[in-house]
Every structure is written in structure tokens, then in C-alpha cells.
Ligand code: NAP
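Numbering (the numbering used here), first residue to last: 1131 to 1618.
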């Protein structure tokens, strides 16, 4: 860990306030919960563990602040977000180190997430002043049709551990820009980044009660009463599809506006005319970003039979050369998985594929004797019935299968309940557009292994979710449309 000293680690950790942030005050939880470093299994910090009753106090605070925040000038809301963007950018190194410590991703990737996450504040600071409606004459004349946009009201946001900063800013940014107050519940495994973020928002000038943060070990027990409370108007969730389904059911009672960013099972399709250099570069990004722990991670490599052998060999070479280790160490490219259960899941999916005839080109094993490391792994001849083709692997494993015709490749790509993102590599414009139209996903990457961009609408179809985050669409999720008919 050449550059990062123990003193630097304790400086960053000691700067994080570890209470609950409710109504502009830091308060103690009903107990505390430990946050671990997945590289070592050591405890980094103890943070407040909110009770369900404290969750409702956070909602009380968001409800109390809603009217004033909605009435705050859009320019003022935008300036606070802009200031928060600037502060985040200034403190990028602290936030990056915090994420590397609590989540494990290598520091360069954590720095990338700060840039990406901060950009949602800048983007939505610019959107805050562009919320507009329409004015029209009814086709039959006479009546005028006035359409206005209003904030939906208090929001409950639940975020996952894999992108501790960006999954928060992607929700907080548009909510604040639209004039909504919010209660945020970060993942139990990675609460520190969100706690540091809300401190920064306060420094940027955010009034009390507009953003409230509750960390808890009792996600289900704390969340349900908030979701069933008639004062809440929207839920926004990023996480797994099974939990998303439960939350949608709970949301039905109060007919909440719902945004769900759920699981993925991304196909990565390499056609026979693909530029293999680009395809392998794209595969490394799509597979290995965030240690494979991304909803957008390529989960199934579907490669034309004429190029499969070369593609597999090149990918195995590149992945086999990647440096695995603690994210704070120089040159490390692959950090640990999030916990022992994640290693267990990845190991058993690989064992299942191998039992069914898959060949290991590289990896296929755990690494080291502490922390939760798994070697970058490439498997070929993976039978289509292998469990890893129907489930999210959420780890550094690339399974390859082959296809003969475009129709077969597209059919295979669509053969999943999920529909978040797909990647396709081809040098033909016609093929690229045809494939993009036929893929049943919310997003498609053509000749690129990453699609996330704050200026683009991120989200899925089918079991991958409802709604979009970012782009022009992102703020709409936090607005209601009101129509006023005016007789002239
Ligand atoms: P998860 O288990 O669904 O947890 C996500 C969040 O939901 C955490 O804050 C968790 O709290 C909370 N939670 C769990 N059970 C709950 C319940 N019954 N009621 C209320 N909240 C509950 O997912 P994860 O393992 O953290 O994240 C990985 C998943 O997220 C993957 O499926 C991935 O594809 C998906 N993801 C999707 C996107 C996207 O944009 N589509 C982006 C990133 C990740 P605790 O931490 O306390 O359990």
C-alpha cells in the first residue's frame, strides 16, 4: 500500500460522522452496526443502527421540509447542487478512499465513481432551472390547456453497496432539483459514503430536513412502515429484483410513484465482423469494472463460432494478467468481492458450469487467505443450461458460448427475464442498428463496454426495472404533471 498510509486511512475514517441524519441533526441510533473492509474482514467503523421508529422520524423530517423546499427558487436548488458538485470534486480523494475501504474497488475505479457520481449533481443543477410545462389551445377551440410540473413530494430512496456514491447522487440529485425532500437508506455494508455525502450537502447549503439519512441493520423492518405511510409519495430503489418486487407490492397500498433499478444479466454479443481488439477491450470494461459487481456487468458472452476461440484466448490472457489485491495498493486492478457469501455464490456458479462441461481458460479459484478475493475467470464451452446464464454472477467470471447466425445470437441474448443492458460488437452499421432495435433491453452499448453516462437515461425493461435515472428523463421521475383547463 505504497501511497496510502495507516494515518491517511484513519484521517478519512475519522472525518465521517456516524450518527443518523434527521431533520438537520446528527442523532444516535438505537444501537450501532459494524462496517467491514472486505479486503481484510477488519472493522472500519461503527455507525448508528436506526430502529423502525427512527425511520419514521426521518420521514417526519422530510414531510416537514417538503413545502418550503418545493417553494425554494429553482435557481437556489440548482446552486446548492452545483456547490455540492464542486465540493465533491475538491474532496474526490477522500471519497474515493472511503469507497475503496468500505466496498473494496481499486482506487482508480473509486476515483472514476466520484467523477461519475458528482456529475449527477452538476447535471441536475442544470436541470433544476429547466422544468417547464405547456400551453395550448384545445383542438375544438375555446378551452386553453395548461400543463404544469410539480414535485411529487417526499421520496424514500434505498441504495445498494456496489456503487456507494453514484447510486445515491443519481437519486438525490434529481429529487432535489425537482423540489422533493428525501429519506435515504444506504446499504448496511457501505453506509460511510452516504454519511459523508449528506455532511457535504449540508455544507453546500442544504436546509434541514431536505435530505435525511438512516443507516440500519433492519432494512425490511425500517422500510415497510415508511413505504406504507400515506405521507410518502415516491419510492426509488436500486438493488436486486426479488427485493424490488417486494417493494413494488408494498408501494401498491399508497399507489406510490415507483422507480426501480434492478438486476441485470447483460449479453455481450461478438459478431463475426467485430474488431476483436475493440471487443476484448470492451469485454474487460463490461466484465471487470467494479470487480464484476455491477448491474451492467457482461454476464453472458455470446460469440460467433468463427471468432470464439481467438476471442476467448485473448480475453483469458488479459484477465489472467490482471493484478488482484487490496484496492488501496498501487497497480491493483481487481479488488475483493463484497463478502464471504458473494465468494460462495461465484464459486458455486463456476463449479456448476464446470460440472456441466465448461472449460476453465483462466482463474476458477479463490485468492489469498484473508478478505474475499476471487481470481478473474474465463470459461468456454459453457452449456446454455448452466446456472450462470440465468443468474447474475456479480463477480469476475466471463462465461462464453457460441452462435452461428445473427438470429440465433439475438435470440440467445434475449433469452432472460432481465433487460437492463446489452453489448454488441460489429463493424456493420446495418447490423448494429438492426441488433440494437431487436435487443430487449433498456440500454445497448455498440462497440463499447460501458454505457453509464449522467446525460443519458439509465434503466431497464422486463425484470430489470421501471423508470430511468439521468438524462432528460431523470427528473421526470420526481415530477407530477398537472393539467389545468381554462375556459376563455
Ligand atoms: P439488495 O439485497 O436488493 O439490497 C439493496 C438495498 O435494499 C440495500 O440497501 C438493502 O439493505 C435493501 N434491502 C434489502 N432487503 C430489503 C427489504 N426487504 N426492504 C427494504 N430494503 C431492503 O441488493 P444488493 O445485493 O445490495 O445489490 C446488488 C443488486 O443491485 C444486484 O442485483 C444489481 O444488479 C442491482 N443493481 C442494479 C442497478 C441498476 O441501476 N439497475 C445498479 C446497481 C445495482 P441492506 O444492505 O441492509 O440489506
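All residues carry an ideal CB built from backbone N, CA and C; glycine is no exception.
Going by C-alpha positions, residue 1541 is about 50 Å away from residue 1195.
Straight through space, the alpha carbons of residue 1373 and residue 1382 are spaced by roughly 15 Å.
Classified as exposed, residue 1567 has fewer than 16 neighbouring CB atoms from the shown chains inside 10 Å of its CB.
Put simply, of 1231, 1254 and 1425 the residue whose alpha carbon is nearest the alpha carbon of residue 1579 is 1425. In the three-state reduction of the DSSP assignment, residue 1297 falls in the helix class. DSSP places residue 1594 in the coil class of the three-state scheme, outside both helix and strand.
Contact fails between the region 1265 to 1275 and the region 1214 to 1228, because fewer than three Cβ pairs, one in each stretch, are under 8 Å apart.
Residue 1225: member of the alpha helix (DSSP H) spanning 1222 to 1233, first to last residue.
Residue environment for residue 1495: exposed (fewer than 16 other C-beta atoms within 10 angstroms of its C-beta). Contact check between the region 1218 to 1235 and the region 1192 to 1207: fewer than three CB pairs, one atom from each, fall below 8 Å, which does not count as touching. Here residue 1296 has 1243, 1246 and 1247 as same chain residues with Cβ atoms under 6 Å from its own Cβ, once five neighbours each way along the sequence are excluded.
Annotation for residue 1399: no alpha helix (DSSP H) segment contains it, though the beta strand (DSSP E) segment containing it runs 1396 to 1400. Distances from the CA of residue 1181 to each of 1333, 1259, 1287 and 1349 were compared; the closest alpha carbon is that of 1349. For residue 1570, the three-state secondary structure derived from DSSP is coil.
In this structure, 1288 is the residue among 1329, 1333, 1298 and 1288 with its C-alpha nearest to the C-alpha of residue 1315. Distances from the CB of residue 1229 to the heavy atoms of ligand 1 are all 8 Å or more. Judged by beta-carbon spacing, residue 1299 lies within the 9 Å limit of residue 1250, meaning their Cβ atoms are closer than that value.
Membership of residue 1475 in the alpha helix (DSSP H) is indicated by the continuous run 1470 to 1485. Under the 10 Å beta carbon count, residue 1465 is surrounded by 16 or more other beta carbons and is classified as buried. Judged by the Cβ position, residue 1199 fails to qualify as a neighbour of ligand 1 at the 8 Å threshold, every heavy atom of the ligand being at least this far. Pairing residue 1438 with residue 1530 gives a Cβ-Cβ distance under 9 Å. Within the DSSP secondary-structure output, residue 1389 pairs in a beta bridge with 1366.
DSSP, read as helix, strand or coil, puts residue 1319 in coil.
Spanning the alpha carbons of residue 1436 and residue 1453 requires a straight line of approximately 30 Å.
Remark: the C-beta of residue 1325 is outside contact range of ligand 1, defined as less than 8 Å to any heavy atom. When distances are taken from the beta-carbon of residue 1583 to the heavy atoms of ligand 1, even the shortest one reaches 8 Å or more. Set against 8 Å, the gap from the CB of residue 1519 to the closest heavy atom of ligand 1 is not smaller. By the neighbour-count criterion, in which a residue is buried when 16 or more other Cβ atoms sit within 10 angstroms of its Cβ, residue 1184 is buried. Burial state of residue 1563 is exposed, judged by a 10 Å Cβ sphere holding fewer than 16 other Cβ atoms. Here residue 1617 has 1272 and 1273 as same chain residues with Cβ atoms under 7 Å from its own Cβ, once five neighbours each way along the sequence are excluded. Distance from the CA of residue 1221 to the CA of residue 1560, rounded to the nearest whole angstrom, comes to 45 Å. C-alpha of residue 1313 to C-alpha of residue 1198: approximately 16 Å in a straight line. Straight across, the Cα-Cα distance linking residue 1263 with residue 1212 is about 24 Å.
In terms of Cβ geometry, residue 1521 and residue 1479 form a close pair [threshold 9 Å].
Relative to the non-hydrogen atoms of ligand 1, the Cβ of residue 1297 comes within a distance shorter than 8 Å of at least one. The alpha carbon of residue 1612 has as its nearest neighbour, out of 1261, 1165, 1235 and 1240, the alpha carbon of 1261.
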